[in-house]
Every structure is written in structure tokens, then in C-alpha cells.
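There are 2 protein chains.
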Amino acid sequence: MVTSTLGRDQRANYHHGNLEQAFITAATAMIRESGVEHISLRGVAAHVGVSPSAAYHYFPDKDALLSGVGRTLFDLLADKQEIAVSVFTGTSAEDARARFRALGRSYFDWGKNEANFFRLMFGVFCCLTPEGRELERSESRAWRLLEKSLNDLELTGAMNPALRPYGEILAWSVVHGATSLIVEGHLPDESFEAVLDGLELSLGIVHGVVKKK
Amino acid sequence: MVTSTLGRDQRANYHHGNLEQAFITAATAMIRESGVEHISLRGVAAHVGVSPSAAYHYFPDKDALLSGVGRTLFDLLADKQEIAVSVFTGTSAEDARARFRALGRSYFDWGKNEANFFRLMFGVFCCLTPEGRELERSESRAWRLLEKSLNDLELTGAMNPALRPYGEILAWSVVHGATSLIVEGHLPDESFEAVLDGLELSLGIVHGVVKKK
DNA sequence: GCTCTATCTGAACAATGTATAGATAATAGA
DNA sequence: TCTATTATCTATACATTGTTCAGATAGAGC
Numbered sequence: 001m002v003t004s005t006l007g008r009d010q011r012a013n014y015h016h017g018n019l020e021q022a023f024i025t026a027a028t029a030m031i032r033e034s035g036v037e038h039i040s041l042r043g044v045a046a047h048v049g050v051s052p053s054a055a056y057h058y059f060p061d062k063d064a065l066l067s068g069v070g071r072t073l074f075d076l077l078a079d080k081q082e083i084a085v086s087v088f089t090g091t092s093a094e095d096a097r098a099r100f101r102a103l104g105r106s107y108f109d110w111g112k113n114e115a116n117f118f119r120l121m122f123g124v125f126c127c128l129t130p131e132g133r134e135l136e137r138s139e140s141r142a143w144r145l146l147e148k149s150l151n152d153l154e155l156t157g158a159m160n161p162a163l164r165p166y167g168e169i170l171a172w173s174v175v176h177g178a179t180s181l182i183v184e185g186h187l188p189d190e191s192f193e194a195v196l197d198g199l200e201l202s203l204g205i206v207h208g209v210v211k212k213k
Numbered sequence: 214m215v216t217s218t219l220g221r222d223q224r225a226n227y228h229h230g231n232l233e234q235a236f237i238t239a240a241t242a243m244i245r246e247s248g249v250e251h252i253s254l255r256g257v258a259a260h261v262g263v264s265p266s267a268a269y270h271y272f273p274d275k276d277a278l279l280s281g282v283g284r285t286l287f288d289l290l291a292d293k294q295e296i297a298v299s300v301f302t303g304t305s306a307e308d309a310r311a312r313f314r315a316l317g318r319s320y321f322d323w324g325k326n327e328a329n330f331f332r333l334m335f336g337v338f339c340c341l342t343p344e345g346r347e348l349e350r351s352e353s354r355a356w357r358l359l360e361k362s363l364n365d366l367e368l369t370g371a372m373n374p375a376l377r378p379y380g381e382i383l384a385w386s387v388v389h390g391a392t393s394l395i396v397e398g399h400l401p402d403e404s405f406e407a408v409l410d411g412l413e414l415s416l417g418i419v420h421g422v423v424k425k426k
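Structural data, given as C-alpha cells:
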């Protein structure tokens, strides 16, 4: 049924299909509802239906498993953001602005609805190396979405060009900071829309492009 | 030597002076150089020179100890910020702007130089209740410093009054977000000054108050 | 069918958070 | 000053954790 060249892939089905993926999937589900701080390797193994030691054939230690989860979460967030942006397809300044807000809001919604994911991604448990993270940032889909959104804002005249060089890091900082502070309970939920309003105002107002309504 | 009315305080010196404070002090020192994720209650107790069980007379569990550390760290940060701001005493727009930057920079410096502290304060281990945190925010010295700084900016004409309602949450979000992202390695260190530049520009530019230099 | 190798299990270990019973020392009252 | 009391700390124990390692097992290749 399976050719010999697929032997290796087939052998990966030994007992549990792709056990590495099974571990990441189970860990993700358990983290989602309990938070990283309450996850044990043994618990994940039990959930997968496998002995704890089995994990060590795929991950050097528990941290590596959590980092694996983290990587998939960054991908998931990027998915959400791509979908959120794709809703607005026009080329007007209003559309560019809608895309920009959708981008920020999807980030916040993710943090709010998946707080345990958010805390893992940006917390102490997701030990991606600084090099790996730097690479990830420059290559990431989310970063390119942000770049594109800001380019649109500038091209449609919805943004002060003088602020363009600060665009990505400023927008990411604002949105990430507000999300973090709200998720951890330091600011009330309503703050996020206000922060978005303020950001939009402060980025665009010099051109007199006053947001409607 | 000690009057009977001080008996209770004196009894607190039983064996180790104020053991509760000793635990917090030791935990703080150990967290500072190793990070919360590597701290054990037993290790802290050993460092204090006391049996692990002794901790349970002052803290219901390990989390409570860490929260205690967190509370002192918020105080320490506020101290740093008060000192940073106090350097600039003038009443000009330039001074107001200098105070504003000093406030942000002291926040970032804290995060950068005391990354382990920063991660505890805003991470998953510092489980202050949402109510307590909300209270803390509105009452905190740091928040009042920020309020005052923004008032100064507005009064000296260094800031667009239309943005004043968003001032605190916007500034805190930007500075906290940039600090977090840099501390966790998602953005390079140099980003912070750029973010501050961008923030200052975006807050003030409508008035044509262009920063010198 | 036999051998080999990847894959997983079982048992073990040290370290951890925490509970409980008891020891110890300071205080209060006589 | 002696005794009883109470706050403070210790010793011990237990379940759970991450991790290691020797061995069992099942599938692949001949």
C-alpha cells in the first residue's frame, strides 16, 4: 500500500501517528483552558495516552514542548489577523483605516479570548532564542501585514508621513502594550477601543483627516 | 527595655526578626538573578536559614509569597520613576517634555536592567486579584506621575489637547508594550528611543511644536 | 522467518509544594 | 521565680513533578 520511499513517514505512524504533533496538540488544548503554569509533562502524556518518557524522544525537555506550542500559536495568531484584514478590500483611506483597526482589534481579541495562549507566547515559558525570535519577527506574516497596513494608510493619505518610520514599532507597541495591560487586569477592557482611537488620531491628525463619527 | 505594649512587635523578632519580610527580601534577591521560574520555596527558606514549613505561617502558599514580592517591586519602580522625574524641575514645554521622556525611559530601564523583576510584575506568577490591581492602578504613585506629566505637557502647549483624554492609557500602553517586546526579544533595544520619538511626535505635532535637535 | 532499529514503557531518582504533628522559646500570670 | 500558654518554628511525611535509563515491543528490510 505504501511504497518503500514512504517507509520513514509510515514508520512515524508507529503506535500513535505523529506523536510529536500529538504532544503539541494536546499541550495546546490543555494550556488553553488551564494556563501554562498548571501544565505538567506527565499530564500531557496521559492525555495523549502515552508514557511520560515518550516525550523525550521528540523534545529535549518540557520547555522545548512549550516552545513548540508557542510557535504554533504565533502561526494561529497570524491566521486570525490575515482573516481579519481580508474583510476590507477597498482602496480608500477609510478602508485602509478599517484594515488598520481590524489588525489591532484582532490582536486584542486574541489576547482577550485566549489569554492563556497570549501569556504563553509573550511570557517566560516560551523560550525561543533571541536570534530565532528576531528572525521570526522579520519574516513573520503578522509583521508583513502590519507593514502593508501602514503603507496603505500612508498611500491613501490617512496618515502623517512624518510618522511613517515609526509606524510598525509604534503600532505594535501600543496594541501589544494595551492588550497586555488589559489581559493582566491593569487596565479595564474598554481601554482598548480608546487606545485605538488615540493611536489613530495621533497618527493621522496632522493631515486633518478626522475620522468620521 | 521594651514596654508591654510593644510585646507583640517584639515577639515578631522571635528567632529571625520579621520573618515575613525576610522571606520577601530573600525571594526578591533570588528572583532578581535567577528569574521567578527557577525559584523554589524551599530554596528561599534555605537562604533565609529556616525550615520550608515556616513560610506557611506568613503566606498561604508560594503564589502569595510571589505576589508579596510583586507588590514591593511596583513600589520600587514607582521610586525609580519619582527620582527620574524629579531631575527636571522647570516649567517650560521643554522641561515638561524632558519629564515625560524621563518617565518613559525609567520604565524601560527598569524592564531592561531588571528583566526578571519586570517579568514577575507583569507575568503569570504575580497573581494580584483584578480588584486589587484596579485599585492599585488608580491609587498608584506611578499613575499619578503619569497624569501629572501629561498635564504639564498640555499646560505648556507641548501636546495636542485633543489627545489629552487618551494620554495616560496611550502613553502607558506604548511604553509598556515597547518595553515588553524588547525585554522578550521581539524588538531590538534601539527600538525604544525610536518609539519614544514617535510617541512624542504623534502627541505633539499638531501644534507644530517640533522637538529641537 | 530473522534481524535490526526506531519507538515506546517501567521503574527509579531527586526536587518540589504542602500538610500535620510536635518541639521550642518567649510571654503572662501567680 | 515558677508555671502555663501561645506564637513560632522544625521534622517528617506525602503526592506530584521533570528527567533518566535499561529494557520491551513492534514494524521494516532482507
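Residue numbers (the numbering used here), protein chains in the order written: chain E, 1 to 213; chain S, 214 to 426. Beta carbons are placed, not taken as given, at the ideal position from N, Cα and C, and that holds for glycine.
>> Quick check: is the beta carbon of N364(S) nearer than 9 Å to any beta carbon in chain E?
In response: no
> Quick one: what does DSSP say A306(S) is sitting in, helix, strand or coil?
Replying inline: Judged by DSSP in its simplified three-state form, A306(S) adopts helix.
> Between the segment 374-390 of chain S and chain E, which residues of the former have a C-beta closer than 9 Å to a C-beta of the latter?
Replying inline: A375, L376, P378, Y379, G380, I382, L383, W385, S386, V387, V388, H389 and G390
> What three-state label does DSSP hand A158(E) in the structure shown?
Replying inline: coil
> Are the beta-carbon atoms belonging to G283(S) and L333(S) less than 9 Å from one another?
Replying inline: Contact: yes.
> So, does the CB of E250(S) fall closer than 9 Å to a CB anywhere in chain E?
Replying inline: yes
> Once you ignore the five residues that flank E413(S) on each side, which residues in its own chain have a CB closer than 8 Å to its CB?
Replying inline: R310, F313, R314 and K424
> What distance in whole Å lies between the Cβ atoms of A407(S) and Y166(E), which are believed to be in contact at a cut-off of 8 Å?
Replying inline: 6 Å
> Of all the residues that make up the segment 181-198 of chain E, which are near chain S by a beta-carbon distance shorter than 7 Å?
Replying inline: L181, E184, G185, H186, L187, S191, A194, V195, D197 and G198
> Does the beta carbon of L290(S) sit closer than 9 Å to a beta carbon anywhere in chain E?
Replying inline: no
> Thinking C-beta only, is F117(E) closer than 9 Å to I182(E)?
Replying inline: no
> What does F160(S) reach in chain E if we use C-beta pairs closer than 7 Å?
Replying inline: Residue 160(S) falls outside the range modelled here, since chain S spans only 214 to 426, and no answer is possible.
> Is the CB of R133(E) under 9 Å away from at least one CB in chain S?
Replying inline: So, interface residue.
> Using the beta-carbon count (16 or more within 10 Å), is A242(S) buried or exposed?
Replying inline: exposed
> Could you give the C-beta distance for V175(E) and G104(E), rounded to a whole number, given that I count them as a contact under 8 Å?
Replying inline: 5 Å
> Just curious, the alpha helix (DSSP H) that T342(S) is in, first and last residue?
Replying inline: From DSSP, T342(S) is part of no alpha helix (DSSP H); its letter is neither H nor E.
>> Using a 10 Å radius around the Cβ and a threshold of 16 neighbouring Cβ atoms, would you call S202(E) buried or exposed?
In response: buried
> Can G411(S) and L170(E) be called in contact, C-beta distance under 9 Å?
Replying inline: yes
> Whose Cβ in chain E lies nearer than 7 Å to the Cβ of G336(S)?
Replying inline: Result: G123 and V124.
> Quick one, which of Q294(S), A240(S) and D276(S) has its alpha-carbon nearest G262(S)'s?
Replying inline: A240(S)
>> Between F88(E) and Y58(E), how many whole angstroms is the CB-CB distance? I'm expecting something under 8 Å.
In response: About 41 Å separates the two Cβ atoms, so there is no contact after all.
> Are the Cβ atoms of S149(E) and V85(E) separated by less than 9 Å?
Replying inline: Their beta carbons are under 9 Å apart, which means S149(E) touches V85(E) by this criterion.
> Looking at the structure shown, is H260(S) part of a helix, part of a strand, or coil, going by DSSP?
Replying inline: helix
> Listed in chain order, which residues of the segment 104-119 of chain E have Cβ atoms closer than 7 Å to some Cβ of chain S?
Replying inline: Within the segment 104-119 of chain E, the residues whose Cβ lies closer than 7 Å to some Cβ of chain S are R119, listed in chain order.
> Is V300(S) helix, strand or coil by DSSP?
Replying inline: coil
> From T238(S) to A259(S), what distance separates their C-alpha atoms?
Replying inline: The C-alpha of T238(S) lies about 13 Å from the C-alpha of A259(S).
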